[in-house]
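Undergrad: Structure provided below as structure tokens; questions to follow.
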Amino acid sequence: MIAFVALLIGAVIGLVIQPTIPAPLAPYLPVAVVASLDALFGAVRARLEGTFSDRIFLVSFLSNIVLAVFLVFLGDQLAVGDALETAVIVVFGVRIFQNLAGVRRRLFHA
Amino acid sequence: MTETTEPRTDAAPDGGGQTGDGAARRGRSGLGIASALACVVLGFLLVAQLQATEELGERLDIEREEDLARILSDLSTQSDRLQEEITSLRLTLLAFENSAETEELAVRSLRRRLSELEILAGTVPAEGQGVRLTVEDPQGELTPDLLVDAVQELRDAGAEAISVNDIRLIASSAFAVRNNRLVLDNQPLEAPLTILAIGPSATVAEALAIPGGALDSLQSRPQVTARVEQLEQVTVPARPEPPSFVFGEPVPAEARE
């Protein structure tokens, strides 16, 4: 509940401030968002499975973002175009689906 | 995004409530607040990215594929046209550069012609190698024909510009005698005469000195002495006011052949 409220607060802050993303950061924000969504769904699943821990959530949240941004940065430096960015999105997308599958099993026993 | 988060929060107290609450309460300290902050950050990032995408999408997403293809073809047509314009402008530039070059050549040759004509007409001072012919005439024995002969000899030897006592000789110059005094273009000539001539100094000096030539003719008068010096640098003054012609007019260009 607190997490949901915090999420809403963040969204409201974003809506109020109307942030403009500085151009050099623009390529990194989407992967950061996807990476943190993975952490979020992982947390939801853990919560449902009863293994949720703030520490793990924080660590996964930060490490996901750092790793995702670093991989995209690496892709830029290696001049492989968007390939690594795509890889990061795909991997985190798969993980999100796995987490959702866990949530689904818990909620609907299916 | 909120659609996916809503069922979770509804479900969280139900599903994870019994087991998760206790664990969460134990850990709920700095870490819990940090987690909440992380969620705030996540919400913020989500909204920021969504808005950024929306801004971009306002321009491109609403266009359908055909529209995008049309825009692309428009742009490539435009690019082709601009490319053609660049080529034609380059050609024009080249043509201008060429004509400028030609013009510059023409101007240069005209300028050289002009300076030659100026020297010939005596409207500008001239300098160069040449000779100085000094004629001593203590008794006033010189006559115009002697001087005409001397000038004729100088010109024959290749002199380009001549002055007598700092009076530039021009096409209409004439030696004469007025009131028993020698005049050149109505200006009295006082002895000794200094005749400066620009031209091939060795040839001119040689021509003056040949037996029976100008020097001999001048010195045929008892008291007259004449001597020639070859000089590296002779400066001949300009005629201050060129003569104005009253009777002569140029034949119009179309009447010439």
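First to last, the protein sequences are chains A and B.
According to my numbering, the residues represented by the first sequence are 1 to 110, in order.
According to my numbering, the residues represented by the second sequence are 1001 to 1257, in order.
Note that the Cβ used here is the ideal one computed from N, Cα and C, for glycine as well.
#1: Within 10 Å of its beta-carbon, does B:P1200 have 16 or more other beta-carbons around it, so buried, or fewer, so exposed?
#2: Looking at the secondary structure, which residues open and close the alpha helix (DSSP H) in which A:G14 lies?
#3: Let me know the secondary structure DSSP gives B:S1220 once reduced to three states.
#4: Please tell me whether A:G14 has its Cβ less than 8 Å away from any Cβ of chain B.
#5: Mind pulling the chain B residues with CB within less than 7 Å of A:I111?
#6: Nearest-angstrom Cα distance between B:L1089 and B:E1104?
#7: Over what stretch of residues does the alpha helix (DSSP H) that includes A:Q77 continue unbroken?
#8: Within the same chain, show all residues whose beta-carbon is closer than 7 Å to that of B:P1237, passing over the 5 residues directly before and after it, in chain order.
#9: With a CB to CB cut of under 8 Å and the five nearest residues on each side skipped, what residues in its chain are close to A:L29?
#10: Is A:V94 close to chain B? Criterion is C-beta to C-beta, closer than 8 Å.
#11: According to DSSP, what are the bridge partners of B:L1231?
#12: Residue ranges of each alpha helix (DSSP H) run of no fewer than 4 residues wholly in the region 1064 to 1142 of chain B, ordered along the chain?
#13: Is the beta carbon of A:P27 closer than 8 Å to that of B:A1048?
#14: My output table needs one value for B:G1027: the three-state DSSP class, helix, strand or coil.
#15: For A:D125, which option in A:V94, A:R105, A:H109, A:F52 has the closest C-alpha, if you only look at C-alpha atoms?
#16: Do you know how far the Cα of A:V31 is from the Cα of A:A43?
#17: How would you call B:D1074, buried or exposed, if buried means at least 16 neighbouring beta carbons within 10 angstroms?
#18: Are the region 1205 to 1212 of chain B and the region 1138 to 1148 of chain B touching by the rule of at least three beta carbon pairs closer than 8 Å?
#19: On a Cα-Cα basis, can you pick out the residue from A:A83, A:G75, A:E49, A:F70 that is closest to A:L35?
#20: Quick one: Cα of B:A1176 to Cα of B:A1191, how far?
#21: Give me the DSSP bridge partner(s) of B:L1311.
#22: Pull up the distance between the alpha-carbon of A:V90 and that of A:L84, whole angstroms please.
#23: Using a Cβ-Cβ cut-off of 7 Å (strictly less than) and excluding sequence neighbours within five positions of B:E1003, which residues of its own chain qualify?
#24: What's the call for B:A1012, buried or exposed, on a 16-neighbour Cβ count within 10 Å?
#25: When the cut-off is 8 Å and only beta carbons count, does A:S63 lie next to chain B?
#26: Counting only beta-carbon separations shorter than 8 Å, does B:A1024 have a partner in chain A?
#27: Nearest-angstrom Cα distance between B:R1113 and B:L1120?
#28: Identify whether B:Q1181 lies in helix, strand or coil by the three-state DSSP scheme.
#29: So which residues of chain A does B:V1041 contact, with C-beta pairs closer than 7 Å?
#30: If B:V1135 sits next to B:L1231, beta carbons under 8 Å apart, how far is it from one beta carbon to the other, in whole angstroms?
TA: Looking at the coordinates:
#1: In the second sequence, residue 1200 of chain B corresponds to position 200, counting from 1. Under this definition B:P1200 is a buried residue.
#2: Within the first sequence, residue 14 of chain A is the residue found at index 14, counting from 1. Segment 2 to 17, the alpha helix (DSSP H) holding A:G14.
#3: Here residue 1220 of chain B refers to the residue found at position 220 of the second sequence. Correct three-state label for B:S1220: coil.
#4: In the first sequence, counting from the first residue as 1, residue 14 of chain A sits at position 14. Yes, contact with chain B.
#5: What the structure shows of chain A is the stretch from 1 to 110, and residue 111 of chain A is not part of that stretch, so it cannot be assessed.
#6: Position 89 of the second sequence holds residue 1089 of chain B. Position 104 of the second sequence holds residue 1104 of chain B. One C-alpha to the other measures close to 22 Å.
#7: Here residue 77 of chain A refers to the residue found at position 77 when the first sequence is read from its first residue. It spans 54 to 78 - the alpha helix (DSSP H) in which A:Q77 sits, taken as one unbroken run.
#8: On the second sequence, residue 1237 of chain B is found 237 positions in, with the first residue counted as 1. Excluding residues within five positions, the ones whose Cβ falls inside 7 Å are P1125, S1163, D1166, R1168.
#9: Position 29 of the first sequence, counted from the first residue, corresponds to residue 29 of chain A. For A:L29, where only same-chain residues beyond five positions count, the Cβ hits under 8 Å are I21.
#10: Here residue 94 of chain A refers to the residue found at position 94 of the first sequence. With 8 Å as the cut-off, A:V94 does not count as an interface residue toward chain B.
#11: Within the second sequence, residue 1231 of chain B is the residue found at index 231, counting from 1. B:L1231 pairs with B:G1130.
#12: 1065 to 1121
#13: To locate residue 1048 of chain B, count along the second sequence from 1; it is residue 48. To locate residue 27 of chain A, count along the first sequence from 1; it is residue 27. For B:A1048 and A:P27, no; Cβs fall outside 8 Å.
#14: Taking the first residue of the second sequence as position 1, residue 1027 of chain B is located at position 27. A caution first: B:G1027 carries a pLDDT of 49, below 50, which makes its placement in the model too unreliable to give a value.
#15: Outside the modelled stretch of chain A, which goes from 1 to 110, sits residue 125 of chain A, for which no answer is possible.
#16: Walking along the first sequence from the start, residue 43 of chain A turns up at place 43. Walking along the first sequence from the start, residue 31 of chain A turns up at place 31. For A:A43 and A:V31, the distance between alpha carbons rounds to 18 Å.
#17: Sequence index remark: in the second sequence, residue 1074 of chain B carries index 74 (1-based). With fewer than 16 other Cβ atoms within 10 Å, it is exposed.
#18: no
#19: Counting from one through the first sequence, the residue named residue 35 of chain A turns up at place 35. The question names Leu, yet the displayed sequence has Ala at residue 35 of chain A. Here the closest residue by C-alpha is A:F70.
#20: The residue labelled residue 1176 of chain B in the question sits at position 176 within the second sequence. The residue labelled residue 1191 of chain B in the question sits at position 191 within the second sequence. Approximately 15 Å between the Cα atoms of the pair.
#21: Here chain B has residues from 1001 to 1257 only, and residue 1311 of chain B is not among them.
#22: On the first sequence, position 90 is the one that residue 90 of chain A refers to. On the first sequence, position 84 is the one that residue 84 of chain A refers to. The alpha-carbon atoms of A:V90 and A:L84 are separated by roughly 10 Å.
#23: Position 3 of the second sequence, counted from the start, is the residue given in the question as residue 1003 of chain B. Below a pLDDT of 50, predicted positions are generally treated as unreliable, and B:E1003, at 35, falls in that range; the measurement from the model is reported next regardless. Contacts found: none.
#24: For the purposes of this step, residue 1012 of chain B is identified with residue 12 of the second sequence, where counting begins at 1. For B:A1012, the predicted structure reports a pLDDT of 37, less than 50, and the residue's modelled location is therefore unreliable. A value from the coordinates is still provided. B:A1012 is buried by the Cβ-count criterion.
#25: Working through the first sequence from its first residue, we reach residue 63 of chain A at position 63. By this cut-off, A:S63 is not an interface position.
#26: Mapped onto the second sequence, residue 1024 of chain B falls at position 24. Any reading at B:A1024 must be qualified, since the residue scores a pLDDT of 46, below 50, and its modelled position is unreliable; the value itself is stated next. For B:A1024, the answer is yes, since a Cβ of chain A falls inside 8 Å of its Cβ.
#27: Reading the second sequence from its first residue, position 113 is the one you call residue 1113 of chain B. Reading the second sequence from its first residue, position 120 is the one you call residue 1120 of chain B. Their Cα atoms are separated by approximately 10 Å.
#28: Here residue 1181 of chain B is taken as the residue at index 181 of the second sequence, counted from 1. The sequence given here places Arg at residue 1181 of chain B; Gln does not occur at that position. Strand at B:R1181.
#29: Indexing the second sequence from 1 puts residue 1041 of chain B at position 41. In chain order: G10.
#30: Numbered from 1 along the second sequence, position 135 holds the residue referred to as residue 1135 of chain B. Numbered from 1 along the second sequence, position 231 holds the residue referred to as residue 1231 of chain B. About 16 Å; that fails the 8 Å criterion.
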